[in-house]
Amino acid sequence: SQQGEEDPQALSIQEGENATMNCSYKTSINNLQWYRQNSGRGLVHLILIRSNEREKHSGRLRVTLDTSKKSSSLLITASRAADTASYFCATTVDNFNKFYFGSGTKLNVKP
Amino acid sequence: DGGITQSPKYLFRKEGQNVTLSCEQNLNHDAMYWYRQDPGQGLRLIYYSQIVNDFQKGDIAEGYSVSREKKESFPLTVTSAQKNPTAFYLCASSIQEAGELFFGEGSRLTVL
Chain D
207 SQQGEEDPQA
217 LSIQEGENAT
227 MNCSYKTSIN
237 NLQWYRQNSG
247 RGLVHLILIR
257 SNEREKHSGR
267 LRVTLDTSKK
277 SSSLLITASR
287 AADTASYFCA
297 TTVDNFNKFY
307 FGSGTKLNVK
317 P
Chain C
11 DGGITQSPKY
21 LFRKEGQNVT
31 LSCEQNLNHD
41 AMYWYRQDPG
51 QGLRLIYYSQ
61 IVNDFQKGDI
71 AEGYSVSREK
81 KESFPLTVTS
91 AQKNPTAFYL
101 CASSIQEAGE
111 LFFGEGSRLT
121 VL
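Chains as they are written, first to last, in our numbering: chain D, 207 to 317; chain C, 11 to 122.
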């Protein structure tokens, strides 16, 4: 069964606006990661947040984790057209090397 | 440069044929994975391997087979027993317990 589910499924914004994507999961996790996928390409790792962390930043990315609600959010600030892609959350559970991916949020940033 | 190489990028197969997708990494990672992605969906785990000569089934292993004879290589065979093999296949690797997955560029298999 899938662990993570992203929301919304699709998001369309203007360049310069912020984009927020959410991820919910079902069971206790070791860590949660966010990945980006350009159309027809492989996934690229963006950021990892551990279960004992609440917030993490990397450049224009801000990730939060609320283990009590079993949810995470990814905020992309000052979006650019080049941010257009699908974004996935992934969780690892008991088996640290088994990753579960959500179905993704498709972000379209209009120039 | 270090990375993961998948080949071929596009592959067409007739029904009833087995095909093998190649995945090679020069990152010296212990763990390797195969995922399947269907249009508009997330990734589903087919097989994973944490060490040479050992591998485990993922959530959708039926109709697939793998081998791990070398640390660098983790080929996936899509057999004729896989009823709906048309999909995008992604190979990934990770340092044991490091948590970050490195992906190849994928192989798109179409059954004619």
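Where a beta carbon is used, it is the ideal one built from N, C-alpha and C, also for glycine.
Straight across, the Cα-Cα distance linking residue 122 of chain C with residue 31 of chain C is about 17 Å.
Taking C-beta atoms under 8 Å as the contact rule, residue 119 of chain C and residue 37 of chain C fail to qualify, at a distance of about 24 Å. Among the residues facing chain D, residue 113 of chain C is included, as its CB has a counterpart in that chain under 7 Å away.
For residue 225 of chain D, the three-state secondary structure derived from DSSP is strand. For residue 294 of chain D, the enclosing beta strand (DSSP E) begins and ends at 291-298. Between residue 254 of chain D and residue 242 of chain D, the gap from beta carbon to beta carbon reaches 7 Å or more. In this structure, the CA atom of residue 315 of chain D is about 21 Å from the CA atom of residue 211 of chain D. The alpha carbon of residue 273 of chain D has as its nearest neighbour, out of D:230, D:317, D:213, D:216, the alpha carbon of D:230. If you check each beta-carbon in the region 248-275 of chain D against every beta-carbon of chain C, the ones closer than 9 Å belong to 248, 249, 250, 251, 254, 256.
If you draw a straight line from the Cα of residue 75 of chain C to the Cα of residue 63 of chain C, it comes to about 13 Å.
The closest CA to that of residue 109 of chain C, considering only C:12, C:39, C:14, C:19, is found on C:39. With a beta-carbon spacing of about 6 Å, residue 82 of chain C and residue 34 of chain C fall inside the 8 Å limit used to define contacts. Inter-residue distance for residue 90 of chain C and residue 261 of chain D is about 46 Å (C-alpha atoms, whole angstroms).
Residue pairing by DSSP places residue 234 of chain D in no beta bridge whatsoever. For residue 69 of chain C, there is no enclosing beta strand (DSSP E), as DSSP marks it with neither H nor E. Non-local beta-carbon contacts of residue 221 of chain D in its own chain, meaning distances under 7 Å to residues more than five positions away in sequence, involve 285, 286, 287, 315, 316, 317 in chain order.
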